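Engineer:
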Amino acid sequence: VNPQTQSANLGVAYSQLKGTTISGQLIPRLIDELPIIALLATQAQGVTHIKDAQELRVKETDRIQVVTDILKSMGATIEATADGMIIEGPTALHAAQTSTFGDHRIGMMTAIAALLVKQGEVHLDREEAIMTSYPTFFKDLERLCHD
538 VNPQTQSANL
548 GVAYSQLKGT
558 TISGQLIPRL
568 IDELPIIALL
578 ATQAQGVTHI
588 KDAQELRVKE
598 TDRIQVVTDI
608 LKSMGATIEA
618 TADGMIIEGP
628 TALHAAQTST
638 FGDHRIGMMT
648 AIAALLVKQG
658 EVHLDREEAI
668 MTSYPTFFKD
678 LERLCHD
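In the working numbering, the protein residues as written are 538 to 684.
Spelled out as structure tokens, the structure:
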């Protein structure tokens, strides 16, 4: 992500994931992507700091706390801070019983996290919350996994 750009588009290329710090001017442009970025940080080498993201506490859920709780329940080394998270990786994630908490972005993050689990299953309740913003999410995710 280039702090000089005025776009929230993501470009994707393969490389070893490395811990980083995400803060300041980047946060408003990434606020909705931070749950999935936190998940990616669990697979990165080193420590990732997400700072200046206190707005996450007043979304559909307290996304800082909910992301921390879900990923911690799956084995991640993650701590909530007043304005973000500290995530240490890489971590092998494991099966867990969890919820979307009625938050579509939390549900999508958790469904994608389930793909990283090698043994057992991730049980996600209230998955209908995902349909509010992405009705074909599960269909598209399944297609991506099989293509």
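Using N, Cα and C, we set each Cβ at its ideal position, and we do this for glycine too. All of these numbers come straight from a predicted model, not from anything done at the bench.
For Ser481, count the other beta carbons within 10 Å of its own beta carbon; 16 or more makes it buried, fewer makes it exposed. Which is it?
Structural biologist: Residue numbering for the chain in the displayed model covers 538 to 684; residue 481 lies beyond these limits and cannot be assessed.
Engineer: Roughly how many whole angstroms lie between the Cα atoms of Phe675 and Leu630?
Structural biologist: The straight-line gap from Cα to Cα measures roughly 20 Å.
Engineer: With distances taken between CB atoms, is the gap from Ile559 to Val584 smaller than 9 Å?
Structural biologist: Taking 9 Å as the Cβ cut-off, Ile559 and Val584 do not qualify as a contacting pair.
Engineer: Using the three-state DSSP reduction, which class does Ser636 fall into: helix, strand or coil?
Structural biologist: Looking at Ser636 - three-state DSSP - the assignment turns out to be strand.
Engineer: Which partner residues does His641 have in the DSSP bridge list?
Structural biologist: Looking at the DSSP assignment, His641 forms no beta bridge with any residue, so it has no partner.
Engineer: Output yes or no for whether 9 Å exceeds the beta carbon distance between Val659 and Ala666.
Structural biologist: For Val659 and Ala666, no; Cβs fall outside 9 Å.
Engineer: Can you list, in chain order, the residues of its chain with a C-beta nearer than 7 Å to that of Asp620? Leave out the 5 residues immediately preceding and following it.
Structural biologist: Closer than 7 Å at the Cβ level, and outside the excluded window around Asp620, lie Lys588, Asp589, Ala590 and Gln591.
Engineer: What residues in its chain sit with their C-beta under 8 Å from that of Gln656, if we drop five residues either side in the sequence?
Structural biologist: Once the five neighbours on either side are set aside, the close Cβ partners of Gln656 are His631 and Ala632.
Engineer: Which one of Thr618, Arg600 and Thr614 has the shortest CA to CA distance from Ser636?
Structural biologist: If we check each option's Cα against that of Ser636, Arg600 comes out closest.
Engineer: Looking only at C-alpha atoms, which of Leu554, His683, Glu679 and Pro672 sits nearest to Ala575?
Structural biologist: Ala575 has its Cα closest to that of Leu554, out of Leu554, His683, Glu679 and Pro672.
Engineer: For the candidate residues Leu653, Leu661 and Ile643, whose alpha-carbon lies nearest to that of Leu571?
Structural biologist: Leu571 has its Cα closest to that of Ile643, out of Leu653, Leu661 and Ile643.
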